[in-house]
Every structure is written in structure tokens, then in C-alpha cells.
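Heads up, the thing below is written out as C-alpha cells.
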Amino acid sequence: MTSWRDEDGLCPLCGRPLGRKTEAHHLIPRSLGGRETVALHPICHRKIHTTLTEREIAESHATLPALRAHPDIARFIRWIRNKPPDFYKRTERRSRP
Ligand SMILES: [Zn+2]
Ligand SMILES: [Zn+2]
1177 MTSWRDEDGL
1187 CPLCGRPLGR
1197 KTEAHHLIPR
1207 SLGGRETVAL
1217 HPICHRKIHT
1227 TLTEREIAES
1237 HATLPALRAH
1247 PDIARFIRWI
1257 RNKPPDFYKR
1267 TERRSRP
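Right under this line is the structure:
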């Protein structure tokens, strides 16, 4: 399984440095035989899959430039750009005992 993470340490969707948690996104859905994955922020990965179906990804958004060009995702990238790498909607803070 290949991943871009070790090459540059940046999220290929939003361009911010990756945080501690990453998720592997299949550029072509696994169900359609895709094997190449990219490491994304969990929030970036979730955005892709709440915006597009697997069929839409396979048919017209199987590359990162195509994903970034999607209007909803482009808006998301502008919004997330200034957030810290580990930012997630549900900011979870573990309170110490
Ligand atoms: Zn990202
Ligand atoms: Zn994915």
C-alpha cells in the first residue's frame, strides 16, 4: 500500500501539514479496484465522502486536482486552511483527573 505521507508530510487535499491522525483515501474507490491511497486529515477525508458518492469519485473526481476543484470542497479548503492540523469539528479534550 503506497501513501504520500512520507514524501512531504502535507495533506494533498488542503495542503496543511498532517496531524497525528491520518486516514487513507482511495483515489479510485476500493470497490472499483483502486489501490492507490493518499493520507489525508480525517476531516478532509470525511469532507470528500460527505460531498461525493463513490460513483462520483470514480467517474469524475479520481484525482486530487479534480477533488479540489469541486465547489463544496474548494470552499471547505478555504475554510480549513487556517485551522490547526489536528482540528476536528468535535474538538475533543481529554480532561485530566
Ligand atoms: Zn487536509
Ligand atoms: Zn476515501
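For any residue, its number in this note's numbering is found by taking its place in the sequence shown, counting from 1, and adding 1176. We put the CB at the ideal spot given by N, CA and C, even for glycine. Given the structure is predicted, the values throughout are model-derived calculations rather than measurements.
Which whole-angstrom value describes the C-beta separation of residue i and residue j, a residue pair presumed to lie in contact below a C-beta threshold of 8 angstroms?
i	j	result
Ile-1253	Arg-1244	6 angstroms
His-1217	Leu-1228	Not quite, the Cβ-Cβ distance comes to about 17 angstroms (not below 8 angstroms), so this is no contact.
Ile-1224	Ile-1249	7 angstroms
Do you know whose CA, among the options, lies nearest residue i's CA?
i	options	result
Leu-1203	Lys-1197, Arg-1196 and Arg-1211	Arg-1211
Val-1214	Thr-1198, Arg-1222, Thr-1226 and Asn-1258	Thr-1198
Looking at the unbroken alpha helix (DSSP H) that takes in residue i, where does it start and where does it end?
i	result
Ala-1278	Since the first residue shown for the chain is 1177 and the last is 1273, residue 1278 is missing from the structure and cannot be characterised.
Thr-1229	From DSSP, Thr-1229 is part of no alpha helix (DSSP H); its letter is neither H nor E.
Taking 8 angstroms as the limit between beta carbons, can you name the residues of its chain near residue i, skipping five residues before and five after?
i	result
Pro-1193	Gly-1185, Leu-1186, Cys-1187 and Pro-1261
His-1246	Thr-1227, Leu-1228 and His-1237
Counting only the same chain and skipping the five closest in sequence on each side, list residues whose C-beta sits under 7 angstroms from that of residue i.
i	result
Pro-1205	Glu-1230, Ile-1233 and Ala-1234
Start and end of the beta strand (DSSP E) containing residue i?
i	result
His-1201	1199-1202
Leu-1216	1213-1216
How many angstroms separate the CA atom of residue i from the CA atom of residue j?
i	j	result
Leu-1189	Lys-1259	14 angstroms
Met-1177	Ala-1242	Residue placement at Met-1177 is poorly supported in this model, since its pLDDT is 41, which falls under 50; the coordinates still yield a value, given next. Straight-line Cα distance between these residues: approximately 22 angstroms.
Arg-1251	Ser-1207	28 angstroms
Ser-1179	Thr-1226	With a pLDDT of 49 at Ser-1179, under the threshold of 50, the modelled position of that residue is not reliable, and no figure is offered here.
Thr-1239	His-1221	14 angstroms
Gly-1209	Ala-1200	15 angstroms
Identify, in the order they occur along the chain, each residue of the same chain with its Cβ nearer than 6 angstroms to the Cβ of residue i, setting aside the five sequence neighbours on each side.
i	result
Ile-1256	Cys-1190
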